Amino acid sequence: MGFLWVVVAALSVLMGICVLALIDQYQTLELIRTSLKLEDNPSPIPIPMDDSIRPSLVGLPARLDEQPHLALLFLSVSCTTCRSIAESLRRKDLELVWIVLQQAHSEQEGRAWLEGLNMPIDRATIDVDEHVARAIGIDTVPSVVLYRSGEAFLAQTLPSFRQLQPLLNARTVPSRLPVAKEGTVRL
1 MGFLWVVVAA LSVLMGICVL ALIDQYQTLE LIRTSLKLED NPSPIPIPMD DSIRPSLVGL
61 PARLDEQPHL ALLFLSVSCT TCRSIAESLR RKDLELVWIV LQQAHSEQEG RAWLEGLNMP
121 IDRATIDVDE HVARAIGIDT VPSVVLYRSG EAFLAQTLPS FRQLQPLLNA RTVPSRLPVA
181 KEGTVRL
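First residue of the sequence shown: 1, per our numbering; consecutive thereafter.
Dropping the structure here:
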């Protein structure tokens, strides 16, 4: 019976060492991700803060100018992160979101991508020639531009749906976005 307690104690010590080793590995991985700047943080995108990028002026429907809060979401048909963001959006109310789909070779390819994800085609623009993205100054996908009554006030990249979620509701958009010393916005 005493031998059994020794084995249990030895296994407990071994398990404790394994747990501590896992904690150390996790902390090391976080340090590596930070030093390589692989953190899941959005980067700000510079945009003109005037009326030159109102939705109606860049080729989007004029009714978008009147929305009190609009998330203009730039996605690509060839981006896996874009696909996961679109899949997460399916569970949300899309009334405040307009999708600009890029890198589709044709309208049909863009429609097929949207239909494959059960995204409403009437809440999207398939930007085959990337006219909308160039007019606003977007060269990275996925990204988002937020508008208040037609005036852009925020543009940033979207490494994951986690960064988009608080931006979908006007009440949860931070009034002042915290910026890290590297120039990235932390949400």
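C-beta: ideal position from N, C-alpha, C; glycine also.
Since we're looking at a predicted model, the values are computed, not measured.
Look at arginine 83 here: in three-state DSSP terms it is helix.
Under the three-state reduction of DSSP output, threonine 34 falls in the helix class. The Cβ-Cβ distance between phenylalanine 74 and alanine 135 does not fall below 8 Å. Sorting Ala155, Arg63 and Arg162 by C-alpha distance to the C-alpha of alanine 71 places Ala155 at the top. Here DSSP, grouped into helix, strand and coil, assigns alanine 104 to coil.
Fewer than three Cβ pairs drawn from the stretch 74-88 and the stretch 166-175 lie within less than 8 Å of each other, which leaves the two stretches out of contact.
A straight line joining the alpha-carbon of valine 128 with that of glutamate 66 spans about 25 Å. When DSSP states are grouped into helix, strand and coil, glutamine 156 belongs to the strand group. With fewer than 16 neighbouring CB atoms inside 10 Å of its own CB, proline 48 falls in the exposed class.
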